[in-house]
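In full-length UniProt numbering, the protein residues as written are 1 to 461.
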């Protein structure tokens, strides 16, 4: 199948297509702002060059041209969005340093909005196209499995049910021919001769069916012949998806409690996204909305504009959470949840709560680093104390920063937790989010939250 392999051209294709999306974004911004696709003002031509150079730098530094064939669409888009967030961080940093106030913020916003949409669209189309192309028998990689067993047959089944990843399974090698049924190719010591004759690209070694010496010989052989070799083991039977390998000197150790946001790189990416998103909200929304809301709150009832309450954050540490005040000043705010038709809620407060506008001041918490745009919703401390002993692994929701919105809220778990099932359902979704975080998931939750707010919810009171 080597005649159908065009992987060496992928980096050029990805780069040209990404730059085309970026420049279409710039042209769209030109048309919206200045009435024409091309705007020959020298300063804006300079901006276009800078934005292209910035994407070139991020494209290669984040290796956006290297897309593994095992990637799901969500993995592919998460990598792309990660590069986009880093790119935006660089552009924002340059913006604040250079202070080019003669550039239109609206122009930059439209540029990156269109760029993001086009980038996601073309990368998604590419993902499905290459999967279809491989299902038709092109761009395949020949693989063998050394060591027959339950894990080996599971892997073979995965290849068979997922032809889009492009792995052509040739057969098994095992020292027990009677046990290894099906596509038996020979003994373990026959791997080398077979691989050389049949253009094998990947060797999977199944533990514990092999001895250390056999694996070492296979690794040496593979590295000397530019063949990829991968190890599969019984650790996959632990039933925990959160597995990672750490090294203590030369000793590899399996960490069964790892989460994506344990990674410093992921923390930086999520924090960069939070800063960018909260900055945009404060620049484009707070500047005009806060004075209006403040005036309405003050006109209806005496008291402060903002309601501040200590809540549990990351690692269960308390922080001061900000909201618009939606109730008359009372002594039960820390001990009693808001209920339907609660007499403490003001008229303007009811509107703010129904539309979730009361949560907007928490973007200040996001900017300061106490919260994230997306994450498990922070509960009042007394509510945590009430449910933590009753719900298994409740504390895991505090392994990450709390969010203005979360997966539970996007799925409809909003408002009062009057029964145990309401809280257990929230915690279950919060734990799923903690263990499966990605930028794509964050974007999906934000989109679902916006849709939920527009539709309205009976529990939003």
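For each residue, glycine too, the CB sits at the ideal point set by N, CA and C.
1) Does the Cβ-Cβ distance between residue 321 and residue 309 come in under 9 Å?
2) Could you pull out every residue in the same chain whose Cβ sits closer than 7 Å to the Cβ of residue 92, ignoring the five residues on either side in sequence?
3) Just to confirm, is the Cβ distance from residue 184 to residue 166 under 9 Å?
4) Can you tell me which of 181, 51 and 401 puts its alpha carbon nearest to the alpha carbon of residue 375?
5) Using 8 Å for Cβ pairs, my map puts residue 304 next to residue 325. What's the rounded Cβ distance?
6) Kindly indicate which residue of 213, 354 and 307 has the alpha-carbon position closest to the one of residue 294.
7) Considering only C-alpha positions, which residue in the set 87, 428, 409 and 76 is nearest to residue 446?
8) What residue range does the alpha helix (DSSP H) around residue 355 cover?
9) If residue 413 sits next to residue 425, beta carbons under 8 Å apart, how far is it from one beta carbon to the other, in whole angstroms?
10) Take every Cβ of the stretch 264-274, pair it with every Cβ of the stretch 354-373, and state whether three or more of those distances are shorter than 8 Å.
11) To the nearest angstrom, how far is the alpha carbon of residue 462 from that of residue 22?
12) Determine, using beta carbons only, whether residue 173 and residue 143 come nearer to each other than 9 Å.
13) Less than 9 Å between the C-beta atoms of residue 114 and residue 24, yes or no?
14) How far does the alpha helix (DSSP H) with residue 437 in it extend, from its first residue to its last?
15) In its own chain, which residues sit with a C-beta less than 7 Å from the C-beta of residue 218, not counting the 5 before and 5 after it?
16) For residue 187, name the three-state secondary structure that DSSP assigns.
17) Hey, which unbroken runs of the beta strand (DSSP E) at 3 residues or more fall wholly within the stretch 139-167?
18) Tell me which same chain residues have a C-beta within less than 6 Å of the C-beta of residue 407, skipping the five on either side of it?
19) Compare the C-alpha of residue 280 against each of 33, 31, 82 and 89 and name the closest.
20) Determine, using beta carbons only, whether residue 366 and residue 274 come nearer to each other than 9 Å.
21) Going by beta carbon distance, what residues of the same chain come within less than 8 Å of residue 52, once the five residues before and after it are set aside?
22) My guess is that residue 195 and residue 214 are in contact by the Cβ rule of under 8 Å, so how many angstroms apart are they, rounded?
23) Measure the C-alpha to C-alpha separation of residue 265 and residue 86 and round it to an integer number of angstroms.
24) Residues in the same chain with beta-carbon distance under 6 Å from residue 442, minus the five sequence neighbours each way, listed in chain order, please.
25) Measure the beta-carbon distance from residue 111 to residue 29 and round it to whole angstroms, keeping in mind my assumption that it falls under 8 Å.
26) Report, in whole angstroms, the separation of the C-beta atoms of residue 386 and residue 431, which I expect to be a contact under 8 Å.
27) Cα separation between residue 284 and residue 253?
28) Helix, strand or coil for residue 380, going by three-state DSSP, please let me know.
29) What number of angstroms, rounded off, separates the C-alpha of residue 332 from the C-alpha of residue 288?
30) Leaving out the 5 sequence neighbours to the left and right, which residues in its chain are closer than 6 Å to residue 156 when beta-carbon positions are compared?
31) Which same chain residues, not among the five before or five after residue 3, have their C-beta less than 7 Å away from its C-beta?
32) Tell me which same chain residues have a C-beta within less than 7 Å of the C-beta of residue 346, skipping the five on either side of it?
33) In the DSSP assignment, what residue or residues form a beta bridge with residue 245?
34) According to DSSP, is residue 172 helix, strand or coil?
35) Should residue 179 go down as buried or exposed, given a rule of 16 or more other Cβ atoms within 10 Å for buried?
36) Taking the C-alpha atoms as reference points, what is the distance between residue 256 and residue 245?
Reading off the structure:
1) yes
2) 276
3) no
4) 401
5) 6 Å
6) 307
7) 409
8) 347-355
9) 6 Å
10) yes
11) Residue coverage of the chain in this structure runs from 1 to 461, which leaves residue 462 outside it and unanswerable.
12) no
13) yes
14) Run containing residue 437: none; DSSP gives neither H nor E here.
15) 146, 191, 203, 205 and 229
16) coil
17) 141-146
18) 429, 433 and 445
19) 89
20) yes
21) 19, 22 and 23
22) Not really, about 14 Å apart at Cβ, beyond 8 Å.
23) 11 Å
24) 374
25) 4 Å
26) Not quite, the Cβ-Cβ distance comes to about 18 Å (not below 8 Å), so this is no contact.
27) 48 Å
28) strand
29) 31 Å
30) 169
31) Unreliable placement is indicated for residue 3, whose pLDDT of 46 sits below 50; the coordinate value is still reported in the next sentence. Excluding sequence neighbours, residue 3 sits near nothing in its chain.
32) 300, 301, 326, 327 and 328
33) 254
34) strand
35) exposed
36) 9 Å
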